[in-house]
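Before any comments, here is the structure.
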Amino acid sequence: MLRDYYEEVGISHETSVARSPPQNGVVERRNHTLIEAARTMLIYAQAPLFIWEEAMETACFTQNRSIIRLRHGKTPYELLHSK
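1 is the number of the first residue of the sequence shown in the UniProt record's numbering; add one for each residue after it.
Below you can see the structure in the form of structure tokens.
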């Protein structure tokens with residue numbers, strides 16, 4: 001059932017061995033990118049560190065709606081929300 005949904009919206013589902021950082025390269029890079037984006041926003045805005053969580057949420061929100069590569073002619077956001 002979940003696999004059908006993934007196929008329907010164009011999600012590529014891949015599994016890896018648990019607790020194996022070398023196999024989690026994509027996730028590790030994504031997390032690093034999010035941290036760097038949040039850090040850059042905080043430094044540029046000269047914002048206090050206590051808004052770190054909001055900076056991370058904003059970075060994630062922005063990256064989830066950015067065009068990385070089109071699948072089925074739609075952005076990740078459009079695929080997720082059927083637009």
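Beta carbons are placed, not taken as given, at the ideal position from N, Cα and C, and that holds for glycine.
Review point. With a Cβ-Cβ cutoff of 9 Å, do T24 and S16 count as a contact?
Key: According to the sequence provided, residue 24 is Asn. The question's Thr does not apply to it. Taking a C-beta distance under 9 Å as the contact criterion, N24 and S16 qualify as a contact pair.
**Study point:** Distance, H81 Cα to T75 Cα
**Key:** Going by C-alpha positions, T75 is about 10 Å away from H81.
**Study point:** M41, enclosing alpha helix (DSSP H) - first and last residue
**Key:** Residues 25-45.
Check your understanding: Since A38 and A55 are thought to touch, with beta carbons under 8 Å apart, how far apart are those beta carbons, to the nearest angstrom?
Key -> Yes, A38 and A55 are in contact; Cβ-Cβ is about 4 Å, under 8 Å.
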